[in-house]
Structure formats: structure tokens, C-alpha cells
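Chemist:
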Amino acid sequence: MTGGNVEEGVQVDFEMLAAKKVLLIGIQGGSCAGKRTIARCLASVIGKATVLCLDSFYLPFDRAAAGAGAWNFDHPSALDWELLAGTLDLLLEARPARVPVYDYVSGLRTESTTAEPNQVVIVHGLWPFFHENLRSRF
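The working numbering puts the first residue of the sequence shown at 515, with every later residue one more than the last.
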């Protein structure tokens, strides 16, 4: 292993990273389990990494029309899996991808941002490993 002790025992294998065009890392866990914190710390240790939150891929849901509580955001059916797969495909090809910005108040996608390609892409959320076609990318 080439690399070293980056922060308190964290080891980065830079040879392995160099051998793979893009390394995809998934972090799965329940609400408030620390996924975002772990993703940000890992990205900080690695240096150049793109971090995606599955929350960005919620399907649009008009809360005003349907009322609060009418949608289960903790169920896999709440996510736009096709858009997530397309986004990951672009990033795995080292190409930039548009990522929606989800507005939790309205339940709608209000805008989008650009996820820049990096050698490492970190995806965190409740269900990054739910679908086999996505799971096989990790």
C-alpha cells in the first residue's frame, strides 16, 4: 500500500485509486445516523471527491396539494432511481452531471447543481444499495 496515515489511522491506498478510473463509495444508514458527516470526513481525507446525497433524488411531490404526511420519504419508491443511475453513469465516465436540489418544504425540485467528476464519488443515504443495477456499480 502506498499512502499512509492520513488522519488518526485512516489509510488511503493511492495505488488502488490510481488503477481505477472512478471509485464509487456508498454509505447506507438510517436517518440521523451520521452518513453525511462520514461522507464529508472521508471526502476531506481523500482530497478530491464528489459527494452525493440520495435526498437530492427524491421524486417531486407537491406537499401543498397532498398535505404533509401523505408521502413516505423513507421508502425506496420515493426516489428517482433512473435519474440517480444516469447521474452515477456520467460521473463514472468522468463527466459532470446535473443533480437536482430538493426543497423539503415544497417537496419539489427547485433547481439543480453540477456534480463535478472526481476520482472518488461518495453516495450516502437510506438506500444506495437497494437496486442490484446500482449495487453492482460499487
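Every residue, glycine too, gets a C-beta built ideally from N, C-alpha and C.
Which residue spans inside the stretch 553 to 612 form an unbroken beta strand (DSSP E) run of at least 3?
Modeler: Fully enclosed beta strand (DSSP E) runs of 3 or longer: 563 to 567.
Chemist: Per DSSP, which residues does R623 bridge with? Please list them.
Modeler: Looking at the DSSP assignment, R623 forms a beta bridge with Y616.
Chemist: Could you give the distance in angstroms between the alpha-carbon of L622 and the alpha-carbon of Y572?
Modeler: Their backbone Cα atoms lie some 9 Å apart in a straight line.
Chemist: Do A629 and L566 have their beta-carbon atoms positioned less than 8 Å apart in this structure?
Modeler: Yes, the pair counts as a contact, with Cβ atoms nearer than the cut-off.
Chemist: Closer than 7 Å by C-beta to A553: which residues in its own chain qualify, once you throw out the five before and the five after it? Chain order, please.
Modeler: Correct list, in chain order: I541, V565, I636, H638.
Chemist: Does DSSP classify M515 as helix, strand or coil?
Modeler: Bear in mind that a pLDDT of 37 at M515, under 50, signals an unreliable position, so the model cannot answer this.
Chemist: If L556 and W641 are in contact, beta carbons under 8 Å, what's the gap, nearest whole angstrom?
Modeler: At roughly 19 Å, the Cβ-Cβ gap does not stay under 8 Å, so L556 and W641 are not in contact.
Chemist: Do you know whose CA, among V634, K562, A592, lies nearest E607's CA?
Modeler: E607 has its Cα closest to that of V634, out of V634, K562, A592.
Chemist: In three-state DSSP terms, what is L648?
Modeler: Looking at L648 - three-state DSSP - the assignment turns out to be helix.
Chemist: Are the Cβ atoms of K549 and N632 separated by less than 8 Å?
Modeler: Result no, Cβ atoms of K549 and N632 do not sit closer than 8 Å.
Chemist: Output the distance between the C-alpha atoms of L593 and K535, rounded to the nearest integer angstrom.
Modeler: Looking at the two C-alpha atoms, the distance is approximately 27 Å.
Chemist: With 16 other CB atoms within 10 Å as the buried threshold, where does S626 fall?
Modeler: Looking at its Cβ environment, which holds fewer than 16 other Cβ atoms inside 10 Å, S626 is exposed.
Chemist: Grab me the residues of F652's own chain with a C-beta within less than 6 Å of its C-beta, minus the 5 sequence neighbours each way, in chain order.
Modeler: Same-chain partners within the cutoff: L538, G540.
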